[in-house]
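Some notes on the structure that comes next.
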Amino acid sequence: MLAIFCVSTVARAQGLMIRNFNVKDGLANATVYAAVQDKDGFIWFSTPTGVSKFDGKRFRNYAKKDGLTDNDVVKLTADSKGRVWFFTLNGKPSYYFNSVIHNEENDTTLTFNSHGHYLQYAFEGIGGNLIWFLNSNNRSLLYNGKRITYDKQGSTGSDVRFLLARDSIFHPLQNAFRLETLKDPNNPEQKIISVPPYPVDDPDFRSRIASHPVVILKNSLYSYRFKDAISFFNGPEWGIREDISDICLDNDNLWVGTQRALYFIKNFFKGERKVTRLLENHYITSLLKDRDGNIWITTFGDGVYYIPYKNFYFSYLDNTNGLYSHSIFSICKDKKTDLLLIGQNAGILNTMDAQGNIRQFTLDTTTGRNSLLSIIPYKDNSVLIATDNALFQFNTATQRPSLLRSVKMLKDVDVSPSGKIRIAAKNQVIALDNYVIPDLDMVVTSIASVDDSTYFVGTNNGLYYCSDNNRQLVRPGNNTHLKQSIKDLKWINGFLWIGTSDQGIYVMHHDSVVRHLSTANGLASDICQQLYYDGVGKLYVATNKGVSVINVTNQHIVRNITSNDGLMSDDIRGVYSDDDMLYIATSNGLCYFKGNNMPVDSVPPVIYLSNIRYADSTFLPAKDFVHLYQRKSSFEAEFGTIVFDLPDQVEYQYNFSGDSTTGWQTTMSNSNIIPFPDLQPGVYKLMVRARKYKSDWSQPINLNVSILPRWYQQWWARGILLLLGLLVILFILRYIVRRIKQSEKRKTEYNRRIAELEAKALTNQMNPHFIFNSLNSVQHLILEKEEKQALNFLADFATLMRQMLNNSRKSYISLEEEIAFLTRYLELEKIRFAHSFTYKFTLQESLKDYTIYIPPMIIQPIVENAIKHGLAPKNSSGCLEIRLEMLDDLLYCSVDDDGIGWDKSNTLKSTRLVKHESTALSVIKERLQIIKSFNGSVGKLEIIDKFKSGFGNKEGTLVEILIPIVKML
């Protein structure tokens, strides 16, 4: 909550912007007993319900459950070691250090018997190693970091005045001490001086006050030493009748808190006697000036009040300290009379003279809108005041207004170098006492005189030029930028400065736009509300987001002034400059200050790590964080800064790469938690830095994060798991391959078995063919009456049939068995054909070294065909040769006869014989193909007619066959 508190009876009306913090902001209680600042910069507040630690944005509250010995903390103090001590009514001490509250339960050095008395005062020994306490029974306690010694000084010498008088030994840890009397019975030589012997602006006296304890005696202040106690402030002389509760020495200023109000004496130590009464009807419990110069005021029941240091550079006026309203529309100052004129709404004009006396005038009584839009200098002791409905002249010497002309919906007024008044109204331009340009089809918003006869007019649809001679509005060129909606115009040294409604500033020279300034160039806002030229090179642009100051010589933006710098609002209505004093009219009051003396806090902020969260646990901040990896757990680091002025403007950057030059991620102050989801095992370095409004980046704080791997995440465990995984994969692959091989083996065996059965079936097809031929031979012998030979033939035939039946059950038979079978067959055929041919076997010698197996009944059909179709038709005896040789892994077999030949045989064949021959040869070829399918060996059958194939005059047929074999030693 922001408020302005002031008293109108002071020599010069002035307000201070004060912010209130209360329970709704996070404060532990609205009643606050005391405030201190610790070594890190945090502000601590003691309340009946615990203590609050404040960093400028967030309150962190501590209560008994967090380690306090009691919730009702009546006083607190901070020592040079960074400890914050808490005083409670139970007399048990406790302190905060390194994010932990120490008490007798977790720190045995704090164990002692309080004897039912509570601690009142604290003093620090030389070097800060010893802390002296004085309790409500005037007994001293000494804490040396190892234990508390009770009644260290004994029953005498424990009075607080004894410690105060020896402040070189016992350094007090509070601003001032309230005593019932100054008389010290143990120091009868001490002088009590109630009338100041020196003025407070005396350097030596002032130095004494600043370097020695201050004692509050009712409503007077004393500088206390062993030799004397000298008064330097007497409340009744300053209009303060009530008792003083606390004081604060603020450079040259003095703050005095009482049970009824807060008093601010500006430049007290410079001898000035100007008192400002603030916080009327507030019980002030303590005052604190922090390291930045901010003032903190704690109250009984009204929370904490905060005055930013920079507000002491500003003065504020609004309806709380003399003005009619807080909504200011225009501002001007008559330099001759030093009279400040403040235009407001409701037709009200306030004036303030050099002594701060404020008067009020009602100029425009018209109903509806009647704000004082503009105040500009006119003549000596005279200004022009433009309202929504009229133009007035105001005499600054007599402070009397006079109506010049009523003008409905007046927008702007300007004065030429010789004093001609020109008015911009809703749809007309008025040259006062001269002419009017009426009924324009546009809204006229502004006017700027070039000289006594020419001027520029700004409208809602652009810029126009006009002169007293032609009295017509003409566009200056066809530049589209000059067709924007215009809010205000200023003619400065041959350049026209154009403030637009939403496009920033255009600068025109000789009908050409030479410069455009917008937010891209640093302008506070593109929405311009007023232009003000101070006459010495600076143009002030009033916008809805602050004031921009432009150097008209180089046409560059010098700076922006906003509420962040101390203005009451960013909605700026008007600006006026008087030498180095700048007056700014806003929608929330008037702010004035020395324009060249604006405070700029460029010191980087103090950044701190609040806590660390990992795996649903919260850890205290430390430089190193080590934790065992937790699956799917988020690592979060919560951080903050100690910034009391504009904490929302703090910008943060964090870096997790370990490289401070790159990899910075930016976040604003509303997000002060850095999350890292599922942070994997490893070593990381988190760096966080911050900067506040107009400051540099702070030095980063570093957090070393070590996430330790689980056993299964160790390299050796991963290696074992990888190896086991590979073994499992290999086992599975081996199992799959074995299953595939077994399947293929079964499939192959199945196919081989089918092939064998097919081969046997083909063999069985040949057996009936042979039997049929043999029985024909027996029949022939019987018909020829050769019974004996027929019986021998039958006996040999029976033996041959038995051998053939045995072979037909086998896939392979030995070559010896095949030759024996063929020999018996040939003998039978010789008998059958009356020994009309001879035969012989020719074997390669190397065949005798191996046992060779061949499919049965392969050679026999060929031999049979040679006899029956080659030799039998021959008129003379014939010869049959069977040659066997090894050719790689095949058995070469040739059946060579000198019969009638292949072609003649085909000519003589009957239909039955053709069918028989075709069947025998096709069966052999098919058997060779089947053998190839399960054995892989390629057989071959070729029939050659010797007469046609170049064997000279020889006749006969040569049949060559390559037979797959199985060879064994």
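Residue numbers are given in the working numbering: position 454 of the sequence shown equals residue 435, and the series is strictly consecutive.
Glycine included, every Cβ here is placed at the ideal spot set by N, Cα and C.
For clarity, every value in this text was computed on a predicted model and none was experimentally measured.
Reference residue i; option with closest CA among the options
i	options	result
residue 461	708, 575, 468, 444	444
residue 573	557, 280, 584	557
residue 481	491, 492, 490, 497	497
residue 58	725, 523, 66	66
residue 304	795, 516, 332, 114	332
residue 609	504, 661, 593, 570	661
residue 376	32, 397, 342, 396	342
residue 211	174, 117, 528, 826	174
residue 350	700, 389, 242	389
residue 249	753, 89, 281, 233	233
residue 954	671, 644, 637	Within the shown structure, residues of the chain are numbered from -18 to 950, placing residue 954 beyond reach of any answer.
residue 128	96, 84, 1, 149	84
residue 813	803, 321, 188, 848	848
residue 221	307, 241, 870	241
Length of the line joining the Cα atoms of residue i and residue j
i	j	result
residue 213	residue 276	22 angstroms
residue 859	residue 926	16 angstroms
residue 677	residue 326	42 angstroms
residue 881	residue 875	17 angstroms
residue 399	residue 433	6 angstroms
residue 932	residue 877	12 angstroms
residue 791	residue 784	11 angstroms
residue 911	residue 730	14 angstroms
residue 194	residue 598	47 angstroms
residue 539	residue 577	12 angstroms
residue 144	residue 339	51 angstroms
residue 586	residue 623	6 angstroms
residue 969	residue 440	Examination of residue 969 is not possible in this model, given that the chain is present from -18 through 950 alone.
residue 711	residue 698	19 angstroms
residue 18	residue 32	13 angstroms
residue 618	residue 591	8 angstroms
residue 324	residue 80	54 angstroms
residue 787	residue 715	43 angstroms
residue 936	residue 862	14 angstroms
residue 229	residue 216	15 angstroms
residue 831	residue 769	41 angstroms
Test item: CB-CB of residue i and residue j under 7 angstroms
i	j	result
residue 511	residue 484	no
residue 224	residue 199	yes
residue 435	residue 467	no
residue 953	residue 559	A query on residue 953 cannot be resolved here, the shown segment of the chain reaching from -18 to 950 and no further.
residue 438	residue 428	yes
residue 368	residue 345	yes
residue 63	residue 40	no
residue 42	residue 284	no
residue 530	residue 521	yes
residue 311	residue 555	yes
residue 352	residue 395	no
residue 27	residue 49	no
residue 112	residue 124	yes
residue 794	residue 837	yes
residue 872	residue 944	yes
residue 280	residue 267	no
residue 593	residue 671	no
Whole-Å CB distance - residue i paired with residue j, under 8 angstroms assumed
i	j	result
residue 722	residue 659	Incorrect: roughly 45 angstroms between the Cβ atoms, too far for contact.
residue 288	residue -1	5 angstroms
residue 408	residue 391	In fact, because the Cβ distance is near 12 angstroms, the residues do not count as touching under 8 angstroms.
residue 854	residue 886	7 angstroms
residue 957	residue 675	Residue coverage of the chain in this structure runs from -18 to 950, which leaves residue 957 outside it and unanswerable.
residue 655	residue 635	5 angstroms
residue 884	residue 929	7 angstroms
Every unbroken beta strand (DSSP E) inside the region 414 to 488 [3 residues or more]:
List check, beta strand (DSSP E) in window: 416 to 418, 425 to 430, 435 to 440, 443 to 448, 467 to 473, 476 to 481.
Just to confirm the assignment: which complete beta strand (DSSP E) runs, minimum length 3, are found wholly within the region 200 to 248?
201 to 205, 209 to 215, 225 to 231, 234 to 239, 243 to 247
Report the residue ranges of all alpha helix (DSSP H) runs contained in full by the region 742 to 825; include only those spanning at least 4 residues, in chain order.
768 to 789, 796 to 813
Counting only runs of 3+ residues fully inside the region 40 to 67, write out the beta strand (DSSP E) ranges in chain order.
40 to 43, 54 to 59
Which complete beta strand (DSSP E) runs does the region 553 to 638 hold, if anything under 3 residues is left out?
553 to 559, 562 to 567, 570 to 575, 587 to 595, 598 to 600, 605 to 609, 616 to 623, 632 to 636
In chain order, each beta strand (DSSP E) run of at least 3 residues that lies wholly inside the region 628 to 716:
Fully enclosed beta strand (DSSP E) runs of 3 or longer: 632 to 636, 646 to 649, 654 to 657, 663 to 672, 682 to 689.
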